[in-house]
Structure formats: structure tokens, C-alpha cells
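Per the working numbering, numbering through the sequence shown is continuous, rising by one, with the last residue being 496. Using N, Cα and C, we set each Cβ at its ideal position, and we do this for glycine too. Here is the structure we will look at, set down as C-alpha cells.
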Amino acid sequence: MPIAVVPLSEAHRHFKGSKKVIQTTLPLAAKPASRPALSPNGGSTSARNELFARFASRIRIDYDLTRRLVSYQGNKSTPGFRWMKYKEGFSTRLVERLLNIGGGDRVLDPFSGIGTTALTASRMGKSATGIEIMPIGNLAAGAISAVANGLSSGTLTDASARLLRHIESGEADEKRRFPHVRITRGAFSQQAEEEIARARTFIAGLSDTFLATVLEFACMTVIEEVSYTRKDGQYLRWDPRSGRTNSTRLDKGPLPTLGSALKRRLDQIIADIPAVKRTHGGPSPELIGGSCLTELRNLEEGAFDTVITSPPYANRYDYTRTYALELAFLGYDEQAFKGLRQALLSATVENRSKRDELSEIYGGSDSLSRIFEMVDANAALAEVLTILRAHADELGNRNVIGLLLHYFTEMAVVIAELARVVAPGGHVFMVNDNVRYHGEEAPVDLILSDFAEQLGFRCKTIWALPRGKGNSSQQMGRFGRQEIRKCVYHWQRM
Ligand SMILES: C[S@@+](CC[C@H](N)C(=O)[O-])C[C@H]1O[C@@H](n2cnc3c(N)ncnc32)[C@H](O)[C@@H]1O
3 MPIAVVPLSE AHRHFKGSKK VIQTTLPLAA KPASRPALSP NGGSTSARNE
53 LFARFASRIR IDYDLTRRLV SYQGNKSTPG FRWMKYKEGF STRLVERLLN
103 IGGGDRVLDP FSGIGTTALT ASRMGKSATG IEIMPIGNLA AGAISAVANG
153 LSSGTLTDAS ARLLRHIESG EADEKRRFPH VRITRGAFSQ QAEEEIARAR
203 TFIAGLSDTF LATVLEFACM TVIEEVSYTR KDGQYLRWDP RSGRTNSTRL
253 DKGPLPTLGS ALKRRLDQII ADIPAVKRTH GGPSPELIGG SCLTELRNLE
303 EGAFDTVITS PPYANRYDYT RTYALELAFL GYDEQAFKGL RQALLSATVE
353 NRSKRDELSE IYGGSDSLSR IFEMVDANAA LAEVLTILRA HADELGNRNV
403 IGLLLHYFTE MAVVIAELAR VVAPGGHVFM VNDNVRYHGE EAPVDLILSD
453 FAEQLGFRCK TIWALPRGKG NSSQQMGRFG RQEIRKCVYH WQRM
């Protein structure tokens, strides 16, 4: 990958937004005194500055790392991946680039999403494994695989026509009605409810599992389109027709019927079949459903050469809320929602500590205790947590303190497991964003790279995107405009 080496003065711009530092052309390592002495809240930044100084020569701004490459946008016209808008994904082109750097035949993604890494690696002739906790991701990856390997164009065309006829005039089994949970109630018109029930009845009656997977997936990708709600960043916004009282801000206008939205999707899938067979035909990746915190345990030592992954960011984003409609469609009830929310890597204010649970999974091993000690001893993390604790009363939600501690603890466990399953000389590439709470930056890239170095990797490079992420308007009002780094880290197993 061609890397535009960038003067450190530029890289500094991405750290805490200090204007003073932009002007210096000397590496921070050589001139630590030029860092601001105090944090926006009056606390110390020395531990973070020290950590930055340690990694400064390895942070590069890579002008080729565009948002398009690092986000799902790059997949918008890619057959297979374009069937579902999974905004949390990265592009197949990014995976290709990183695989060309990492090489090796055995590829893993422990946070697999819709399987971009696993499917791209498989297509490149590698043996690939993905672990994903949300059934949505594996259903999408499974549908792409099913189209590539198990389904003929004729079978899908015929079944699609029968499904669309059934939606128009078939029976609806009472048991197949959309299984609403609190956060999905009011999402559909009566007509849409009826059509969804008919579609679910038809799919439940299919014996061909490949076909059932693809049709269920196709329905799942259009239920938002036919609903009174829409994903909007962290939340769902609601059209007043949903009957929700605080829902006046979204006007979705005339909605398509399920039949018409589904027909468009199925036509797209059918049109993509030859391309998907060409690119993804052949060995399918292994897609493991479950949490990588438990599933990585079952993988053999040294079993992989390259990991390409993007964990959830520590930014309060709640996958279970964003994908509430899809999860309910797949049968998640209130209990299952709660369970999934807690089992996901901690990134929301609702997550509780998993330390006890991890101790059980890892059988109270010494190495786990050492991982917890490593997290607790991390000076940069402690610095952020101390400041946030001192300002707990001013935080919008004081659980962000727990969020950060849980996030770094769980990521440390994941990194330790990666150090076990990646063979010596193997590579880890990780896409992640830094975060900022109450004006305090948690340099996720530096803290995780520090963990990685303590756990058996060498951090080779932290590639930063040319443009970081702006802070929220609330934080901007209080602390001024500050960009935080969006990065791809490259670690090599020693
Ligand atoms: C940033 S997305 C990765 C998207 C992926 N790179 C792609 O292209 O589709 C993070 C993923 O991690 C998953 N996840 C969260 N906690 C997990 C856990 N404990 N184990 C496995 N996957 C998890 C989320 O459901 C989400 O799909």
C-alpha cells in the first residue's frame, strides 16, 4: 500500500487538536514540553503525551485512506455487499489492500459484521473465518455465500415470483406475525404487518435452506423501507403515523408495499448472481455465530496469518437499537435483546462489567488476571478515567466512565487471544476511531497498540485518515472544535 509519509506536525494535528502543536515541525518525542500542560478540564495530559511520544514516529497520515475506502460506502456498487446497507462495515477494497500487505493464507475477522473480510479473503483463495455476534451479519454473509455456491438463478427467480404472489394473496399464519418488542411497536401499517406475516409464512414453509436464507435475508433488508421509522445515527427516527408521540420530525412520505420493495431487492440479487458466483464461488468462509470473547478461545494457537477487523468503537453506539427492526424480524424478544446488548463488546452506557464472566470463561487463569492488571495499570487510560471521575457530575451520563473501562478490558482480552491465534510473523490490521468524552480524548489507537505491544505484537504503523472525526455539537459548544483520529493500526506478531 503506498503510504504518504506525513510530517509529524500534521499527525499532531490529530492529537487533542492543539494549535500549538500544529506549528511545531519537531517530533513531539523531541519536544514534549510543547504539549499543552493541562487537559480541557484542567487535568493532566502527561501520560497521554508520553504514550503519543512513544508511538509518534509510527503514526502516518495516509492520503489514500479515504472514508469511502474505510466505510461501507465503497461497497455500494459491489455485487453481494450492496444488497444490505451495513453502515458499520468497511469496503472490500480495503480488505484487498491489507491482505496484499499482510499476505498469508489463513485469515480471521473476530468482529465480522456482514463478512467483508471473510468473503473477500475467500474470494482471494484464502481460508477465512469470521466471528459475529449479531445474527444479521452472518445472515447477510450466509446469503452471499448461498447465492455464490448453492442457488441457481432459475430456482431463485421461480421462488421469488411465488413469494411475491403469496405476499399479494396468500395465507398469513398467526404465529408468523412480526414479533414486536417495545422499541419496534408502531413500526408498520396494518397492510405492511399483513404482508410481512404472509412473507414469513411462505419462508417458514420452505425446505431448501439456501433458498430460505436468501429470501429471509432479502425481506430483512427491506423492512425498514416499508416501515414508519428510519435509522439515524444512534437512533431510529419515527414518522408520526407510527403513533409515537415524540415522533414528529420524520416524514417518510408515501411508503412502498413490501411486495414492491422486495421485488426491487430480489431483482437486484438475481441480476447479481453471475457476478457473485464468479467472485465468491468456491470455498465458503467459516462464519461463527457468537461472541469473540468466548469463540476465540476455541480456535487453535497459531491458526491464522492475518487478522483484518474493526471492532465496535467506544462511542456509545448501540447496534441493538439501530438494528431493532431487523433483530425483531429474526425473532429476538425483549429478553434476547437484553442478552445481546450485554454480550456485545461494551460500547454503550448500558453495558456492565464482564470481568466476572470472563473469569468464568477463562477459568480464572493467571493470564487473565495479568490482562486486568495491565488494563488497570495503563497510565493514559487511568488519566482519562481520573479526570472523568472528577467531573462525574457534569457528564451527560456518568456511565461513560464504566463504558471506557469495560471497553478497554474486553479489547485487551481480544488482543491477548489474537496474540495466541496469530502465528509468529503474522499480522493484525484494525480499523477504529478514537473517542472523546467531556473534552477528554481517549487515544484508543495508542492504548490498544500499547496493550498489543505488551501482549506479543510490535506496532508497525498507525495509519490515520486525512480527516478525523469532529466532536458532537454539544462538546463543540463547550470545548471548541476538535478532531479525533480515525485510524487503521498494523501490528505484527513477534
Ligand atoms: C464495526 S462492525 C464490523 C463490520 C465489518 N468490518 C464489516 O465489514 O461488515 C463491528 C461488528 O462487531 C460485532 N460485535 C460486537 N461485539 C461482538 C462480540 N463480542 N463478538 C463478535 N462480534 C461482535 C458487531 O455486531 C458489529 O457487526
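Selection from the options that minimises the alpha carbon distance to residue i
i	options	result
Glu196	Glu176, Val309, Leu213 and Ile205	Glu176
Gln456	Glu419, Leu406 and Leu298	Glu419
Ile403	Ser369, Gly427 and Arg354	Arg354
Glu98	Leu397, Thr311, Gly283 and Ile205	Thr311
Tyr65	Glu485, Leu158 and Leu467	Leu467
Leu301	Val416, His182 and Val437	Val416
Trp493	Phe57, Leu53 and Ser46	Phe57
Gly105	Met126, Lys87 and Thr118	Met126
Gly245	Arg200, Ser229 and Leu332	Ser229
Leu257	Glu227, Arg62 and Ile272	Glu227
Gly283	Ala55, Pro81 and Leu71	Pro81
Arg495	Glu485, Ala454, Cys489 and Thr463	Ala454
Ser286	Val430, Ile373, Gln337 and Lys128	Lys128
Ala382	Tyr364, Phe459 and Phe410	Phe410
Ala120	Pro112, Phe113 and Thr131	Thr131
Ala425	Cys221, Ser154 and Thr308	Thr308
Gly115	Ile103, Ser367, Ala142 and Ala414	Ala142
Those residues which DSSP pairs with residue i across a bridge
i	result
Glu385	The partner list for Glu385 (beta bridge, DSSP) is empty, contrary to what the question assumes.
Asn434	Cys489
Tyr237	Asp234
Ala466	Ile63 and Cys489
Gln494	His429 and Arg460
Asp111	Gly132
Ser46	Leu40
As assigned by DSSP and simplified to three states, the class of residue i
i	result
Lys128	coil
Glu443	strand
Ala425	strand
Leu289	strand
Arg184	helix
Val97	helix
Pro267	Just to set this straight, residue 267 is Arg in the shown sequence, not Pro. In the structure shown, Arg267 sits in a helix (DSSP, three-state: H, G or I).
Phe92	coil
Ile310	strand
Arg40	Per the sequence shown, the amino acid found at residue 40 is Leu instead of Arg. The answer is strand: DSSP assigns Leu40 an E or B state.
Ser79	coil
Ser451	helix
Leu397	coil
Leu301	coil
Val2	Residue 2 lies beyond the range of the chain shown here (3 to 496); nothing can be said about it.
Pro256	coil
Ala32	With a pLDDT of only 30 at Ala32, under the threshold of 50, the placement of this residue in the model should not be trusted; the figure read from the coordinates follows. Three-state result, Ala32: helix.
Ile116	coil
Asp335	coil
Lys356	coil
Asn151	helix
Thr26	Low per-residue confidence applies at Thr26: pLDDT is 23, beneath 50, and the placement is therefore not dependable, though the value from the model is reported in the following sentence. Here Thr26 sits in coil by DSSP.
Tyr364	coil
Thr68	coil
Distance between residue j and residue i (C-alpha atoms, nearest Å)
i	j	result
Arg487	Ser348	20 Å
Gln236	Met432	22 Å
Tyr439	Ser41	12 Å
Phe92	Cys461	22 Å
Leu110	Gly255	43 Å
Gly156	Phe306	38 Å
Arg280	Asn151	10 Å
Asp292	Lys89	The sequence given here has Gly at residue 292, not Asp. Between Gly292 and Lys89, the C-alpha separation is close to 21 Å.
Trp85	Trp465	30 Å
Asp320	Ser48	32 Å
Leu217	Thr322	22 Å
Ile225	Asn51	48 Å
Ala1	Pro181	Since the first residue shown for the chain is 3 and the last is 496, residue 1 is missing from the structure and cannot be characterised.
Asn434	Pro314	8 Å
Arg400	Phe339	23 Å
Thr94	Pro242	38 Å
Leu327	Thr186	6 Å
Ser59	Ser191	57 Å
Leu101	Thr463	15 Å
Arg391	Glu288	43 Å
Asp269	Ile133	30 Å
Val490	Val446	11 Å
Leu346	Ser361	17 Å
Ala379	Thr259	56 Å
Gln253	Leu238	A small correction: the amino acid at residue 253 is Asp; Gln does not occupy that position in the sequence shown. Near 13 Å, if we compare the C-alpha coordinates of Leu238 and Asp253.
Asn43	Ala394	12 Å
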